[in-house]
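Residue numbers (numbering that gives the first Met the number 0): 0 to 94.
From the three backbone atoms N, C-alpha and C, an ideal C-beta is built for every residue, glycine too.
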Amino acid sequence: MLPECKALANETRLRILEWLKDPATSFPAADTAGLGVCVGLIQQKAGTSASTVSAHLAILQRAGFLLATRQGQWTYYRRDEDRIRAFTERLHRDL
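Next up, the structure:
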């Protein structure tokens, strides 16, 4: 199984990717300013512990679906649209 597929095999990780597709709608209070959405807001929306959300975000990042930007004590996540597009094209081509 492709590591990307394993990353997508979890409902919470899929929801995180969906939320980050349109962060202005999913996180209206966030000031994304191109950085992405901070972990705290993602955790709050997911309704899980900080360690669980961090594990989900790390898996998505290792799979290439997310980019992380560290600013001070905060980490912001956003989708890597180029990598997501390449993955879906490869999936479409190979299947």
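Count the other C-beta atoms from every protein chain shown that fall within 10 angstroms of the C-beta of residue 56, then say buried if there are 16 or more, exposed otherwise.
buried
Rounded separation between residue 70 and residue 37 - CA only
10 Å
Does the structure place the stretch 41-48 close enough to the stretch 78-89 that three or more beta carbon pairs sit under 8 Å?
no
To the nearest angstrom, how far is it from the Cα of residue 24 to the Cα of residue 92?
C-alpha separation (whole angstroms): 32 Å.
Just to confirm, is the Cβ distance from residue 74 to residue 34 under 7 Å?
no
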